[in-house]
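Student:
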Amino acid sequence: MIQKIGIVGLGALGIMYAELFQDALGKGHVYVIADRDRIQRYQKDGVYANGERCDFLYMDAGEAEEMDLLIFATKYHGLADAAGNAAKACGKDTIVLSVLNGVTSEEVLEQILHPAHLLYCTVQGMDATRTGNQLTYTRAGSIAFGEKENGRTEATARLEELFLQTGIPYVIPDDIIHQQWSKWMLNVGVNQVCAVCGISYGGVQQEGEHRDAMLAAMEEARQAACAEGIPLTTAEIREWVKLIDSLSPEGEPSMRQDTREGRPTEVDLFAGLVCSLGRKHGLDTPQNDHFYEVLTGHPFDGQ
């Protein structure tokens with residue numbers, strides 16, 4: 028049974044999951060793992076969810092205890108350092124989970140932590156928005172997870188038991204790698220068009236140039252994934268659009284929140300990867316080339 032949960036990273040998802048798990052399990056089961064300077068800042072400034080200060084327990088990464096479940100919720104550019112700092116929290120029985128965007132974070136965690144139980148994961152359907160140290164959300168969405176080879180194991184059973192216990196919606200898909208790439212395809216479209224155009228979900232929930240740009244970027248991502256052996260379909264694009272249309276028009280994807288707050292973006296995970304795969308497989312990627320240039324200030328250089 029999972030009794031001790033470590034959260035690394037207090038962005039929108041880190042705050043949300045820390046609060047959800049602590050509310051369900053009680054204080055003493057959930058720890059935010061960070062370096063001392065970051066912990067002091069969290070304690071001084073506070074961390075808030077829907078207007079209420081979160082009473083989290085903090086654990087110095089350098090002195091961390093082994094966790095039953097270790098969740099990484101950093102931004103991609105900070106993942107490698109965060110994983111190295113939190114290595115003491117990863118023991119032989121620890122389940123490691125990444126809720127980061129994209130399709131490459133598990134590779135980073137594998138290389139740095141060499142965990143015995145690394146599950147693949149993607150999240151969807153939440154409307155969490157973080158401004159500074161303030162998180163607001165009305166929908167927690169759902170989390171999909173599984174083994175890379177899609178079999179049921181002791182680790183998936185333990186994690187499923189936790190989600191049943193806490194009431195957090197989850198699914199174990201038939202093919203978690205396909206699911207990750209499909210969600211990546213969505214992010215390539217909606218995250219980037221909202222970031223580039225400075226719009227909320229409402230800006231792509233109606234016909235027009237913003238919606239067209241989102242769909243064009245997603246189609247380029249779909250073709251790139253297919254070339255990599257991940258057979259994404261146009262039907263999946265339609266299903267993702269239905270999800271986007273169901274979200275609050277005032278809500279914003281994470282990349283738009285980053286550009287609004289002046290934070291680094293994860294463009295390399297989205298347009299960067301689409302453009303790279305396009306060059307690799309001889310595919311045209313004009314929409315993602317445009318997004319990349321706007322978000323970075325320079326054309327994609329093929330690296």
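For any residue, its number in my numbering is found by taking its place in the sequence shown, counting from 1, and adding 27. For each residue, glycine too, the CB sits at the ideal point set by N, CA and C. Note that the structure is predicted; figures quoted are calculated from it, not measured.
1) Answer yes if the stretch 269 to 280 comes into contact with the stretch 191 to 211, meaning at least three C-beta pairs across the two stretches below 8 Å, and no otherwise.
2) Would you be able to state if there are at least three C-beta pairs under 8 Å between the stretch 57 to 70 and the stretch 79 to 92?
3) When burial is assigned at 16 or more other CB atoms within 10 Å of the CB, is glutamine 49 buried or exposed?
4) Going by CA-CA distance only, name the one from Ile264, Glu266, Arg265 and Arg249 that's closest to proline 258.
5) Closer than 7 Å by C-beta to arginine 166: which residues in its own chain qualify, once you throw out the five before and the five after it? Chain order, please.
6) Nearest by alpha-carbon distance to asparagine 214: which of His205, Leu47, Thr163 and Trp267 is it?
7) Looking only at its own chain, which residues have a Cβ that is under 8 Å from the Cβ of methionine 43, when we skip the five neighbours before and after it?
8) Hey, quick one: how far does the alpha helix (DSSP H) through aspartate 108 stretch, first residue to last?
9) Using C-beta distances below 8 Å, list every residue in its chain close to glutamate 279, excluding the 5 sequence neighbours before and after it, in chain order.
10) Once you ignore the five residues that flank proline 291 on each side, which residues in its own chain have a CB closer than 8 Å to its CB?
11) Who are the Cβ neighbours of glutamate 277 in its own chain at under 6 Å, not counting the five residues just before and after it?
12) Pop quiz: alanine 114 and isoleucine 34 are said to be a contact at Cβ under 8 Å. What is the actual Cβ separation, rounded to whole angstroms?
13) Just list the residues that DSSP pairs arginine 249 with in beta bridges.
14) Between the Cα of threonine 180 and the Cα atoms of Leu146, His205, Thr158 and Leu52, which residue gives the shortest distance?
15) Considering histidine 308, what are the terminal residues of the beta strand (DSSP E) in which it resides?
16) Under DSSP, the beta strand (DSSP E) around cysteine 224 begins and ends at which residues?
17) Can you tell me whether DSSP reads tyrosine 85 as helix, strand or coil?
18) Sorted by chain position, which residues of the same chain lie with C-beta nearer than 8 Å to serine 132's C-beta, five sequence neighbours on each side aside?
19) Beta carbon of alanine 23, beta carbon of isoleucine 195: below 8 Å?
20) When DSSP labels each residue in this structure, what does isoleucine 170 get in the three-state scheme?
21) Relative to the alpha-carbon of valine 123, which residue among Ala182, Ala298, Glu234 and Gly305 has its alpha-carbon at the smallest distance?
22) Between Asp201, Glu234 and Arg238, which lies nearest to asparagine 218 when the distance is taken from Cα to Cα?
23) Could you say which of Leu52, Cys302, Gly111 and Asn112 lies nearest to phenylalanine 83 if we only look at CA atoms?
24) In terms of alpha-carbon separation, which member of Gly38, Met94, Leu97 and Glu246 lies closest to tyrosine 69?
25) Name the DSSP beta bridge partners of cysteine 148, please?
26) Which of helix, strand or coil does DSSP assign to isoleucine 195?
27) Given a threshold of 16 other Cβ atoms within 10 Å of its Cβ, counted over all protein chains shown, does aspartate 72 qualify as buried or as exposed?
28) Excluding the 5 residues flanking valine 301 on each side, which residues of the same chain have their C-beta closer than 8 Å to its C-beta?
29) Would you give the residue range spanned by the beta strand (DSSP E) that arginine 157 belongs to?
30) Going by the DSSP bridge assignment, what does serine 125 pair with across the sheet?
Tutor: For this structure:
1) These segments do not touch.
2) Touching, yes.
3) Burial call: buried.
4) Nearest neighbour of proline 258 by Cα position, chosen from Ile264, Glu266, Arg265 and Arg249, turns out to be Arg249.
5) If we look at arginine 166 and ignore the five residues flanking it on each side, its Cβ neighbours are Gly152, Met153 and Asp154.
6) The shortest Cα separation from asparagine 214 among His205, Leu47, Thr163 and Trp267 belongs to Trp267.
7) If the five residues before and after methionine 43 are omitted, its C-beta is found closer than 8 Å to the C-beta atoms of Ala76, Met153, Ala155, Leu162, Tyr164 and Ala167, all from its own chain and listed in chain order.
8) Aspartate 108: member of the alpha helix (DSSP H) spanning 106 to 112, first to last residue.
9) Counting only residues of its own chain and dropping the five nearest sequence neighbours on each side, glutamate 279 has a CB closer than 8 Å to the CB of Thr156, Cys221, Ser227, Tyr228 and Arg287.
10) If we look at proline 291 and ignore the five residues flanking it on each side, its Cβ neighbours are Lys102, His104 and Asp285.
11) Within the same chain, and ignoring the five residues on either side of glutamate 277 in sequence, the residues whose Cβ sits closer than 6 Å to its Cβ are Ser227.
12) Rounded, the Cβ-Cβ distance is 16 Å, inconsistent with contact.
13) Bridge pairing for arginine 249: absent [DSSP].
14) Ranking Leu146, His205, Thr158 and Leu52 by Cα distance to threonine 180 puts Leu146 first.
15) No beta strand (DSSP E) contains histidine 308, which is instead part of the alpha helix (DSSP H) from 298 to 308.
16) For cysteine 224, there is no enclosing beta strand (DSSP E); the residue is found in the alpha helix (DSSP H) stretching over 203 to 224.
17) Strand at tyrosine 85.
18) So the qualifying residues of the chain are Phe99, Tyr103, Leu106 and Ser125.
19) With the chain covering only 28 through 330, there is no way to say anything about residue 23.
20) Three-state DSSP puts isoleucine 170 in a strand.
21) With respect to the C-alpha of valine 123, the residue from Ala182, Ala298, Glu234 and Gly305 having the closest C-alpha is Ala182.
22) Closest option to asparagine 218, Cα to Cα, is Arg238.
23) Of the candidates Leu52, Cys302, Gly111 and Asn112, the residue whose Cα lies closest to the Cα of phenylalanine 83 is Leu52.
24) Shortest Cα-Cα distance from tyrosine 69 to any of Gly38, Met94, Leu97 and Glu246 involves Gly38.
25) Checking the DSSP bridge columns, you'll see cysteine 148 partnered with Phe172.
26) In this structure, isoleucine 195 counts as coil in the three-state DSSP scheme.
27) Aspartate 72 is exposed by the Cβ-count criterion.
28) These residues qualify, in order along the chain: Val215, Ala244, Glu247, Ala248, Ala251, Thr312 and Asn315.
29) Taken as a continuous stretch (DSSP letters only), the beta strand (DSSP E) holding arginine 157 covers 156 to 158.
30) Secondary-structure assignment with DSSP links serine 125 through a beta bridge to Phe99.
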